[in-house]
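Undergrad: Heads up: the sequence shown begins at 3 in our numbering, then just goes up one per residue.
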Amino acid sequence: STKNDEGKIHVSKLEIHPTLPAVLKDDRVFNGFVIAGGIDITEDGVVGTLCAKYVDAWFREYQKGGTKYSGKTPAAYTPLLLAVCEVDTKTMTTRTPWRIGKLFSTKVTTNMANEFSYGTYGNYP
Numbered sequence: 003s004t005k006n007d008e009g010k011i012h013v014s015k016l017e018i019h020p021t022l023p024a025v026l027k028d029d030r031v032f033n034g035f036v037i038a039g040g041i042d043i044t045e046d047g048v049v050g051t052l053c054a055k056y057v058d059a060w061f062r063e064y065q066k067g068g069t070k071y072s073g074k075t076p077a078a079y080t081p082l083l084l085a086v087c088e089v090d091t092k093t094m095t096t097r098t099p100w101r102i103g104k105l106f107s108t109k110v111t112t113n114m115a116n117e118f119s120y121g122t123y124g125n126y127p
């Protein structure tokens, strides 16, 4: 959507005891993302998770055609922008998500600067 309201993902800090229910200590939200994937933590305590979001222009371009799958698959299989969402666990401050993967485009030509940065393949869930 153009409102960036498709959903949100959470990175939460829990306190866990063997004989008691888990306690939510803190929670950070990344708005506009529809799904989160794998999660990892660095040695210095930064949690990162793969997060994905719809891009309205990509959705429209995909539905118009230009790929062998266009118009043949449900909306759930349109290209997604992939990013890494990070939280510092010591301070629970969020970092700006950074893009990974390709930018979806059916208008790729062979004279584009980097064929690994644009295209129709590599942005599917």
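Positions of the beta carbon are idealized from the N, C-alpha and C atoms, including for glycine. Please read all numbers here as calculations on a predicted model, not as lab measurements.
What separation, rounded to the nearest whole angstrom, lies between the Cα atoms of I41 and E88?
TA: 10 Å
Undergrad: What are the boundary residues of the beta strand (DSSP E) that includes D58?
TA: Taken as a continuous stretch (DSSP letters only), D58 belongs to no beta strand (DSSP E), being part of the alpha helix (DSSP H) at 58-66.
Undergrad: What is the rounded straight-line gap between the Cα of D28 and the Cα of D58?
TA: 31 Å
Undergrad: Buried or exposed: where does A24 fall if 16 or more other Cβ atoms within 10 Å of its Cβ makes it buried?
TA: exposed
Undergrad: Could you tell me which of T91, T21, R97, L22 sits nearest to E45, measuring between CA atoms?
TA: T91
Undergrad: Mind checking P99: buried by the 16 CB within 10 Å criterion, or exposed?
TA: With 16 or more Cβ atoms within 10 Å of its Cβ, P99 is classed as buried.
Undergrad: Taking its Cβ as the centre, do 16 or more other Cβ atoms sit within 10 Å of R30, making it buried, or is it exposed?
TA: buried
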